[in-house]
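To convert, note that position 223 of the sequence shown is 222 in numbering that gives the first Met the number 0; the numbers rise steadily by one, no gaps. All residues carry an ideal CB built from backbone N, CA and C; glycine is no exception. Quick notes on the structure that follows.
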Amino acid sequence: MTDEDRHGPRGINDEAPSDGDPYLAYDESTLPSYVGLPSFQKRPWLTDAAALAARAPHVAIVGAPFDDAVSHRPGARFGPRAIRQASYHAGAINSLQLGIEPYEWLDIVDAGDAPVTPMNIERGHEVIRRKVLEVARSGAIPIVLGGDHSITYPSASAVAEFVAPRGLGIVHFDAHPDAANSTWGNLRSHGTPMRRLIESGAVAGRNFVQVGLRGYWPGTETLEWMAQQGMRWHLMTEIEERGAEAVVADAIAQALDGPDVIYLSVDVDVIDPGMAPGTGTPEPGGMLTRELLRAIRQVVGAVELAGMDVVEVAPPFDHADVTAAAAHRCVLEAISALAARRRDAGGSPIRGGGSATETSGGG
Ligand SMILES: [Mn+2]
């Protein structure tokens, strides 16, 4: 242990301090996850655009607490808070899956929530679009916590605008394709964002790749439209037959067939509702949580990630926070894979970023 470490904030697995005031031994980042403000993983809460631009973090969490566009059970507006709280870790984290401590390689902040208000879909989408664009322009990869899936329209539009003229591919995990033209006449529902993204030119249909589709929706008219756009999709039955890893490898190649950067959209309802019941339109027969977490490591490890969202966590229908925890780990897996990419590309570790000491809240 170095001198610097000895005099820095203590983690819960460090020995008791032998000097100084023991009652001041822990700072905000190393106190337990249930103490203090629930920013994502207790990362610095940095909502101001100028401060964000000055810091230029590698990754910024963005909340999109919006669910005015759902067709069935509401509640995803409470998703960002539930996901932020679904952690028992404080201080540094160590990915056992990837053998890396992400904060040693990436500066990660929580940029707060887009300033949505209820009962106004257009306004909600516009403030989400602006917030995500602001984060992308700071140099950070935005990781957006939904919110219903309609938020992918403004969020991925902002990322597409930022990366232009480079093309953007989308890998989309979901039970549903969300590519209908309208839902009871509404063009901005959570059943339509993927069609809007293709129609607006934000992403080419042939680079829009969906994984995990199943159930009884949509009808053939929508599927025909999707095929006409060149969209590629992989049904849950294909995962059952070929295994997720082979299917996800195909999805990555299809999304990158032209573009060289990827937006990853994860609807938590791609997971079987037995493992993720807290969602608005549950569809039995989905992926295992562990399959999805592995798939996220696979995607983020293989592509240049420009943005990501995790959506449709509806806490009122959750049990024991199991769905929120799955969504939270989707984010941690992506962060860990981003860190591993930086390391494996010969990048340098960083110091600080809010918590430099070794600590963990295992148990
Ligand atoms: Mn969806």
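Closer than 7 angstroms: residue i CB and nearest ligand 1 heavy atom
{"i": "Glu121", "result": "no"}
{"i": "Glu290", "result": "no"}
{"i": "Asp109", "result": "no"}
{"i": "Asp308", "result": "no"}
{"i": "Pro103", "result": "At residue 103 the sequence reads Glu, which differs from the Pro that was named. Glu103 Cβ: outside cutoff for every heavy atom of ligand 1."}
{"i": "Glu311", "result": "yes"}
{"i": "His148", "result": "yes"}
{"i": "Gln175", "result": "The displayed chain sequence assigns His, not Gln, to residue 175. Yes, since a heavy atom of ligand 1 falls inside the 7 angstroms radius drawn around the Cβ of His175."}
{"i": "Asp266", "result": "yes"}
{"i": "His233", "result": "no"}
{"i": "His57", "result": "no"}
{"i": "His71", "result": "no"}
DSSP-derived helix/strand/coil call for residue i
{"i": "Met286", "result": "strand"}
{"i": "Val131", "result": "helix"}
{"i": "Gly306", "result": "strand"}
{"i": "Val269", "result": "helix"}
{"i": "Asp4", "result": "Note that Asp4 scores 43 on pLDDT, short of 50, meaning its location in the model is unreliable and no value can be drawn from it."}
{"i": "Leu36", "result": "coil"}
{"i": "Tyr152", "result": "helix"}
{"i": "Ile142", "result": "strand"}
{"i": "Leu263", "result": "strand"}
{"i": "Arg231", "result": "strand"}
{"i": "Ile11", "result": "coil"}
{"i": "Ile251", "result": "helix"}
Other residues of its chain near residue i: CB distance less than 8 angstroms, five sequence neighbours each side excluded
{"i": "Arg213", "result": "Ala174, Leu234, Met235, Thr236, Glu282, Gly284, Gly285"}
{"i": "Ala139", "result": "Leu51, Ala55, Pro56, His57, Val58, Ala59, Val108, Ala110"}
{"i": "Arg128", "result": "Pro153, Ser154, Ser156, Ala157"}
{"i": "Ile334", "result": "Val58, Pro101, Leu105, Ile107, Ile142"}
{"i": "Ala48", "result": "Glu133, Ser137"}
Contact check, residue i vs residue j, beta carbons under 8 angstroms
{"i": "His148", "j": "Pro79", "result": "no"}
{"i": "Ala399", "j": "Tyr262", "result": "Residue 399 falls outside the range modelled here, since the chain spans only 0 to 362, and no answer is possible."}
{"i": "Arg289", "j": "Ala336", "result": "no"}
{"i": "Ala135", "j": "Ala63", "result": "no"}
{"i": "Pro141", "j": "Val61", "result": "yes"}
{"i": "Ala157", "j": "Glu311", "result": "no"}
{"i": "Ala179", "j": "Gly190", "result": "yes"}
{"i": "Gly123", "j": "Val115", "result": "yes"}
{"i": "Arg205", "j": "Asp268", "result": "no"}
{"i": "Ala68", "j": "Arg187", "result": "yes"}
{"i": "Asp317", "j": "Gly277", "result": "yes"}
{"i": "Ala275", "j": "Thr322", "result": "yes"}
CB contact check: residue i to chain B, cutoff 8 angstroms
{"i": "Ala55", "result": "Absent from the structure is chain B; it holds one protein chain and no more."}
Neighbourhood of residue i by C-beta, 6 angstroms cutoff - its chain only, sequence neighbours within 5 removed
{"i": "Val208", "result": "Val170, Arg231, Ala250, Gln253, Ala254"}
{"i": "Val265", "result": "Phe172, Val309, Cys329"}
{"i": "Glu332", "result": "Leu292, Ile295, Arg296"}
{"i": "Gly346", "result": "none"}
{"i": "Asp271", "result": "Gly285"}
{"i": "Pro315", "result": "Gly74"}
{"i": "Ile120", "result": "Asp67, Ala68, Arg187"}
Residues near residue i in its chain [Cβ-Cβ closer than 7 angstroms; skip 5 each side]
{"i": "Arg342", "result": "Ile99, Trp104"}
{"i": "His327", "result": "Ile82, Ala85, Ser86"}
{"i": "Phe39", "result": "Ile60, Arg83, Asp109"}
{"i": "Gly351", "result": "Note that Gly351 has pLDDT 48, beneath the 50 cutoff, so the model's placement of it is unreliable and the number below is only indicative. Within the same chain, Gly351 has no close Cβ partners at all."}
{"i": "Glu303", "result": "Asp259, Val260, Ile261"}
{"i": "Thr1", "result": "Unreliable placement is indicated for Thr1, whose pLDDT of 40 sits below 50; no coordinate value is reported for it."}
{"i": "Trp216", "result": "His175"}
Near ligand 2: residue i beta-carbon under 7 angstroms from a heavy atom
{"i": "Asp256", "result": "Of the ligands this structure carries, namely ligand 1, none is ligand 2."}
My parser needs the alpha helix (DSSP H) runs of 4 or more residues fully inside the stretch 154 to 228; what are they? 192 to 198, 219 to 227
Tell me the start and end of each unbroken alpha helix (DSSP H) in the stretch 70 to 111 that is at least 4 residues and wholly inside, in chain order. 78 to 84
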